[in-house]
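Residue numbers (my numbering), protein chains in the order written: chain A, 59 to 703; chain E, 1120 to 1199.
All C-beta atoms in this analysis are idealised placements derived from N, C-alpha and C, irrespective of residue type, glycine included.
Below you'll find the structure, written out as structure tokens, and then a few comments.
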């Protein structure tokens, strides 16, 4: 059943001993500690096992000893009912998503008071995110209303209560506020009419959820769809009135692991830790049978047989994921020529060679091939999901590469898509036009890499790309993608500061801030928004770069020089004399350690944590010749400025 | 299943639920005797016991429990 997280393998038989030895090792961590912890967490754990993991994580956080590979975050948890059982479950589930979550619980049943009271401890806790978990019974929607106007008033009161909590806490929350949808009551008062009759509890909850949905669509909150989760596992299993009566547990404790994983995957998505690439095995995963033995005519694929249709459905799922920006790759033990045959010759194949970003068919072990796929796509090994029908291969990959997600698969291929999708590997908190074309963009990159090899000379290659770099202030249209980049970019991100859409909007209108976004188009396609710059205009004619992030897709294209040129000229135009840059080390951004040195900044200071400060004297700044057209209305073109100076 | 076998299985469950290394458990043990056994872990304990023995308890049955021995008797009666 989905509530048992069947896509995860069973916990190891010696889980209790393993968790204790990791606990005892927390103070002096041996080699591979992070990998071992993640591997232990990436199993079908019950709420007690999750609690044991949570205890380790809490200790690591309080000792400031969490391995650097973790994304550490402090989550406030407020809402209705007893939340104390949920906190450890969220922390324990976070481990398999690479998160060290420090959950700070609000006091029981007083979310609104705490939100409104600036002296309540949650305000001072330094929260990165907040989760508001509400229950139909506490919202006053579990019983039918007396009249239509009563129903409207109750919905309004419930929504306003949630809004007060969110807005009250918002100034104290650095990144995102998450709000759960409300699980409707199971028991029907009228029967089918419940959905029609607007005074029914069911209809009122539906109306409230619709308002939460509209609110989330503005970008002000992130929705955690617990109502959908309850529906997926079944309201009958979700609801446990006895536990509500006895201890105000909002749902059956058996459902806690599924709840924890849904919350944790949302937090992971906000931290840019969702998976990016689906790697597919071939024989008995994309088609029935073995292509090397059965040949194109012998494999099972296509309409007319249940098995053939099941494999079609798997391919359809993969294609659907690709359309929303997930990369596809192939990793198969096969002769390459044989492996390609169905893609080229089988009339029912939905997946074509052109959909596959990297095709690895050989006899090397799969872990090595998965490493090669990640390297080719310039993404982390922790961005991969590997779908393989063979339990032995799955086990080998899990052992060698614990950071690759490898879903368990049942015997019946008809259920492969369910396992893949239920795991929520590709959880998103926003979907933009750029996402729609992401897979194409990465593949165009592979084409560019081939072109650079062919041309040999980098500058002439760059010139041949016909790049147009468009620099504009951040506005309402670009804001969702800008906020998405701010919250997801890990590698090329100098300070890794996370801002909500609301904060971005505030920066746009703040005259002391300069916030721009940069798009890059080249002859292979539109890369979309690939750079965000936010600078603070300080007194003393100094602009300090608060945020500089870029998409790794455009590395080596001299776009950072174009970005600097924009900043330098914008700063000069307003009378500034220097630019100050800062590098704040994170587990993932070592690649930009020397970013400012490379751009001619002088190092001003370095603190023990490795954070460095850099300054560029603008009086001696000269615009470089760049192999691209710069479309930037905010500043004078390069050539014009040169003649004038 | 004998009362003693149930007690042994309860001990294993409690070590996991309370996340402790050692536990002396007798039919006379009460929640007072075990530091980690508070009202919240009690809820988790009941759930874990239900899952392990394949039972569902009523609140009235849980509320009547005073000692570990009472819980053993309840499991014995319900599993029979």
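Nearest to residue 90 of chain A by C-alpha distance, out of A/537, A/461, A/599, A/589, is A/461. Sequence-ordered contacts of the region 297-311 of chain A with chain E read 300, 301, 303, 304, 305, 307, 311 [C-beta pairs closer than 8 Å]. Unbroken beta strand (DSSP E) runs of no fewer than 3 residues, entirely contained in the region 106-188 of chain A, are found at 129-137, 157-163, following chain order.
Neighbours of residue 1159 of chain E in chain A, taken as residues at a C-beta separation under 9 Å, are given in chain order as 140, 142, 143, 305. Counted as a single uninterrupted DSSP element, the alpha helix (DSSP H) harbouring residue 262 of chain A occupies residues 259-275.
A Cβ-Cβ distance of about 6 Å is found for the pair residue 101 of chain A and residue 68 of chain A, placing them in contact under the 8 Å criterion.
Boundaries of the alpha helix (DSSP H) harbouring residue 324 of chain A: 314-328, taken from the DSSP string. For residue 74 of chain A, the residues of chain E that pass the 7 Å Cβ criterion are 1135, in the order they occur in the chain.
Closest by C-alpha distance to residue 556 of chain A, out of A/566, A/562, A/126, A/544, is A/544.
For residue 688 of chain A, the enclosing beta strand (DSSP E) has its first and last residue at 686-689. In the assembly as shown, residue 311 of chain A is a buried residue. Its beta-carbon has 16 or more other beta-carbons within 10 Å.
When secondary structure is reduced to three states using DSSP, residue 358 of chain A falls in the strand class. Note on the region 364-419 of chain A: whole alpha helix (DSSP H) runs with a minimum of 4 residues are 364-381, 394-403, in chain order. Taking one beta carbon from each stretch, the region 624-642 of chain A and the region 595-609 of chain A have 3 or more pairs nearer than 8 Å; the two touch. Nearest Cα to residue 1189 of chain E within the set E/1162, E/1173, E/1140, E/1145: E/1145.
If you look at residue 434 of chain A, you'll find it isn't in any beta strand (DSSP E); it sits in the alpha helix (DSSP H) that goes 424-435.
Residue environment for residue 449 of chain A: exposed (fewer than 16 other C-beta atoms within 10 angstroms of its C-beta). By the neighbour-count criterion, in which 16 or more other beta carbons inside 10 Å mark a residue as buried, residue 251 of chain A falls on the exposed side.
The beta-bridge partner set that DSSP reports for residue 583 of chain A consists of A/580. With a threshold of 16 other beta carbon atoms within 10 Å, residue 549 of chain A meets it and is buried. Partner residues in a beta bridge of residue 553 of chain A, as assigned by DSSP, do not exist.
The DSSP assignment places 293-296, 299-305 as complete runs of the alpha helix (DSSP H) inside the region 290-314 of chain A, in order along the chain (cut-off: 4 residues).
Secondary structure note for residue 636 of chain A: its beta strand (DSSP E) is the uninterrupted segment 636-641.
In the three-state reduction of the DSSP assignment, residue 663 of chain A falls in the strand class.
Of the residues A/685, A/481, A/266, the one whose Cα lies closest to the Cα of residue 62 of chain A is A/481. For residue 1187 of chain E, there are no neighbours in chain A by C-beta distance under 9 Å, as the nearest C-beta there is about 18 Å away.
Judged by DSSP in its simplified three-state form, residue 454 of chain A adopts helix. For residue 163 of chain A, no CB of chain E lies under 9 Å from its own CB, so it is not counted at the interface with that chain. Bridge pairing for residue 282 of chain A: A/238 [DSSP].
Under the Cβ distance rule, residue 1181 of chain E counts among the residues neighbouring chain A, one pair being separated by less than 9 Å.
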